[in-house]
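Peer 1:
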Amino acid sequence: MSDEKNLEQQKREAAERAKELAKQRLAERQASEAKAADSPKEENDSLDVAKAKAAAAAKAKAAALAKQKAAEPSDEEKKEEVPAESQAEDDDKELAKKKAAAAAKAKAAALAKQKAEAAPSESPAEEDDLATAKAKAVAAAKAKAAAIAKQKAEAASSESPAEEDDLAMAKAKAVAAAKAKAAAIAKQKAEASSSESTTEEDDLATAKAKAVAAAKAKAAAIAKQKAEASSSESTTEEDDLATAKAKAVAAAKAKAAALAKQKAAENAGGSDDDDAKAKAIAAAKAKAAAAARAKSAAGEAGAEDAIEEAKPSPNQAYLDKYVKVITEHLGEDVLEDSYINTLSKDVPTLVAKADTYYKVAEFLKYNEQLGFDYLSELHGTDFETHMEVYVHLFSYKNRQSVALKVKIDRDAPTIQSIQPLWEGANWPEREAFDLLGITFVGHPNLKRILLPDDWVGYPLRKDYEPYDVEV
Numbered sequence: 004m005s006d007e008k009n010l011e012q013q014k015r016e017a018a019e020r021a022k023e024l025a026k027q028r029l030a031e032r033q034a035s036e037a038k039a040a041d042s043p044k045e046e047n048d049s050l051d052v053a054k055a056k057a058a059a060a061a062k063a064k065a066a067a068l069a070k071q072k073a074a075e076p077s078d079e080e081k082k083e084e085v086p087a088e089s090q091a092e093d094d095d096k097e098l099a100k101k102k103a104a105a106a107a108k109a110k111a112a113a114l115a116k117q118k119a120e121a122a123p124s125e126s127p128a129e130e131d132d133l134a135t136a137k138a139k140a141v142a143a144a145k146a147k148a149a150a151i152a153k154q155k156a157e158a159a160s161s162e163s164p165a166e167e168d169d170l171a172m173a174k175a176k177a178v179a180a181a182k183a184k185a186a187a188i189a190k191q192k193a194e195a196s197s198s199e200s201t202t203e204e205d206d207l208a209t210a211k212a213k214a215v216a217a218a219k220a221k222a223a224a225i226a227k228q229k230a231e232a233s234s235s236e237s238t239t240e241e242d243d244l245a246t247a248k249a250k251a252v253a254a255a256k257a258k259a260a261a262l263a264k265q266k267a268a269e270n271a272g273g274s275d276d277d278d279a280k281a282k283a284i285a286a287a288k289a290k291a292a293a294a295a296r297a298k299s300a301a302g303e304a305g306a307e308d309a310i311e312e313a314k315p316s317p318n319q320a321y322l323d324k325y326v327k328v329i330t331e332h333l334g335e336d337v338l339e340d341s342y343i344n345t346l347s348k349d350v351p352t353l354v355a356k357a358d359t360y361y362k363v364a365e366f367l368k369y370n371e372q373l374g375f376d377y378l379s380e381l382h383g384t385d386f387e388t389h390m391e392v393y394v395h396l397f398s399y400k401n402r403q404s405v406a407l408k409v410k411i412d413r414d415a416p417t418i419q420s421i422q423p424l425w426e427g428a429n430w431p432e433r434e435a436f437d438l439l440g441i442t443f444v445g446h447p448n449l450k451r452i453l454l455p456d457d458w459v460g461y462p463l464r465k466d467y468e469p470y471d472v473e474v
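Numbered per this note's numbering, the sequence shown spans residues 4 to 474.
Structure (structure tokens):
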């Protein structure tokens, strides 16, 4: 370790001496530069070659030493050896290094001597000193540059955190300012768009209101024209209907008021009197409703006649065919009426008499020209003045339909059953018996189908009153 320190000290002393010698001979070199302008380039080239060779020799020597060292025994074996032997080996290594360095210097000196012989203007000693001075100056310059770079790196590392903090703060401020500016611009745009959209919505609402007003005015004008174009007969019928309704309502109210007054004047009254009053009120209301319906039916009949006159029904030909076939085979007195029911898809409707109802139904099924083999529906209706049984038939062969209707007495509603002709009339006739009290003569199982057998009354009659009001 001490030898290495001495070697470094010797190197530093040699460098100082070389610098001093270089300064002293600088003047001499300046004088000789004018004579041999080309010689420095050659010397430098020779010097570089000598340096390269010396460096290669030194590396080869170092490699040989490393190889020799690798071939030496391990650390454990060295520990077992005597300390004197290890010290001798270290001395040999240092001596070998010194010899290698001396050989390199000698070789460099020989090369320099050869160059000196080629250029007699400079002495061998000067060239050696110059080469040594140059090498040491280069090494010193590199060491100084490394030291300066290290100092700069340390200064930069100490200053970088503060600079990074400042940079981050500046960036954050810039981002915040940009966001604030963008928010202000967006707010301005939103205010401008809201004002424009409000104006557009107001205009749109105004336009819609005007369009609606125009449509209403047009509809009113059309309605007025239609009202003016209506016939005087329809006006009269409407007036009569309104008058009848008003009279019926007034009569019912008057009767109810009288009953209420009578009830208030009496201190006691039985449940029978209350039932009688309720029945009277119901009868009055039913009568008024019947009158209103009669008027309405009369008005509808007049309207149907007007429609038929304006445009014949597409099924009129079928109705004429049915009536013709029936009258030819059964006579003209079997049908009470016939018409096109415009309220039910223009179905041809035949109105049979009560005593010819079954005969007409049988003919409709078995006649080859008619062949109505399917019963699709049967129901009864209470018109208060009378009752009706309505039957819908269909012919699969002719792809045609017909309706058969019969009017019966309301007080004793009895009619012949057509269940023997169409089995599909079984349950519908039982339903009409259950809810309206119509008796179908010849039905195989005529009993209630929806209500219990002990039920009192018929719920679909207009004058029906529950036996137990609380239920």
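Glycine residues also receive a C-beta, built at the ideal position from the N, C-alpha and C atoms.
For the 8 Å Cβ check, are there 3 or more pairs between the segment 376–392 and the segment 411–418?
Peer 2: yes
Peer 1: Should G334 go down as buried or exposed, given a rule of 16 or more other Cβ atoms within 10 Å for buried?
Peer 2: By the C-beta density criterion, G334 is exposed, having fewer than 16 other C-beta atoms within 10 angstroms.
Peer 1: Per the DSSP calculation, M390 is bridged to which residue(s)?
Peer 2: D385 and I411
Peer 1: Take the Cβ of E84 as the centre, count every other Cβ of all protein chains shown within 10 Å, and call the residue buried at 16 or more, exposed below.
Peer 2: With a pLDDT of 45 at E84, under the threshold of 50, the modelled position of this residue cannot be trusted; read the value that follows with caution. Result: exposed.
Peer 1: Using a threshold of 8 Å, state whether the C-beta atoms of L353 and P431 are closer than that.
Peer 2: no
Peer 1: Is it the case that the segment 419–438 contacts the segment 351–367, given that we only count it when at least three CB pairs across the two stretches are under 8 Å?
Peer 2: yes
Peer 1: Over the uninterrupted alpha helix (DSSP H) stretch that includes E468, give me the two end residues.
Peer 2: Membership of E468 in any alpha helix (DSSP H) is not indicated, and neither H nor E is assigned to it by DSSP.
Peer 1: Between the segment 450–466 and the segment 399–406, are three or more C-beta pairs nearer than 8 Å?
Peer 2: no
Peer 1: Between which residues of its own chain and Y393 is the CB-CB distance below 6 Å, once the five residues before and five after are set aside?
Peer 2: H382 and K408
Peer 1: Just how far apart, CA to CA, sit L396 and A285?
Peer 2: Put simply, the backbone Cα of L396 is about 37 Å away from that of A285.
Peer 1: So is the beta-carbon of A183 under 7 Å away from any non-hydrogen atom of the ligand NAD?
Peer 2: This structure does not include the ligand NAD; it has no bound ligands of any sort.
Peer 1: Suppose the cutoff is 8 Å on Cβ atoms and the five residues either side in sequence are ignored; what does the same chain contact list for Y461 look like?
Peer 2: Non-local beta-carbon contacts of Y461 in its own chain, meaning distances under 8 Å to residues more than five positions away in sequence, involve D437, L438, L439, G440 and Y467 in chain order.
Peer 1: Look up I418 in the DSSP assignment and give the residues it is bridged to.
Peer 2: F443
Peer 1: Give me the Cα-Cα distance between D336 and A297, rounded to the nearest whole angstrom.
Peer 2: 26 Å
Peer 1: Straight-line CA distance for A109 to A149?
Peer 2: Each residue's CA atom was taken as its position, placing A109 and A149 some 31 Å apart.
Peer 1: Looking only at its own chain, which residues have a Cβ that is under 7 Å from the Cβ of P123, when we skip the five neighbours before and after it?
Peer 2: Low confidence applies to P123: its pLDDT is 45, below 50, so where it sits in the model is not reliable enough to give any reading.
Peer 1: Which of the three DSSP states is assigned to S35 in this structure?
Peer 2: In this structure, S35 counts as helix in the three-state DSSP scheme.
Peer 1: In this structure, how does DSSP classify F397 when only helix, strand and coil are distinguished?
Peer 2: strand
Peer 1: If you follow the beta strand (DSSP E) that I343 is part of, which residue opens it and which one closes it?
Peer 2: L338 to N344
Peer 1: If you follow the beta strand (DSSP E) that T352 is in, where does it begin and where does it stop?
Peer 2: V350 to A355
Peer 1: Applying the 10 Å Cβ sphere with the 16-neighbour rule, what's the burial state of R32?
Peer 2: exposed
Peer 1: Name the DSSP beta bridge partners of V405, please?
Peer 2: L396
Peer 1: Just verifying my parser: in three-state terms, what is the DSSP assignment at E19?
Peer 2: helix
Peer 1: Tell me whether the beta-carbon of I411 lies closer than 8 Å to the beta-carbon of A355.
Peer 2: No; because the gap between Cβ atoms is not below 8 Å, this pair is not in contact.
Peer 1: According to DSSP, which residues form a beta bridge with L378?
Peer 2: L396
Peer 1: How is the alpha helix (DSSP H) around E331 delimited, first residue to last?
Peer 2: Q319 to L333
Peer 1: Under a three-way DSSP split, which group does L10 fall into?
Peer 2: helix
Peer 1: May I ask which residues mark the beginning and end of the alpha helix (DSSP H) holding V459?
Peer 2: It is not in any alpha helix (DSSP H) - V459 carries neither H nor E in the DSSP assignment.
Peer 1: On the DSSP letters alone, give me the boundaries of the alpha helix (DSSP H) that K362 sits inside.
Peer 2: It spans Y360 to Y369 - the alpha helix (DSSP H) in which K362 sits, taken as one unbroken run.
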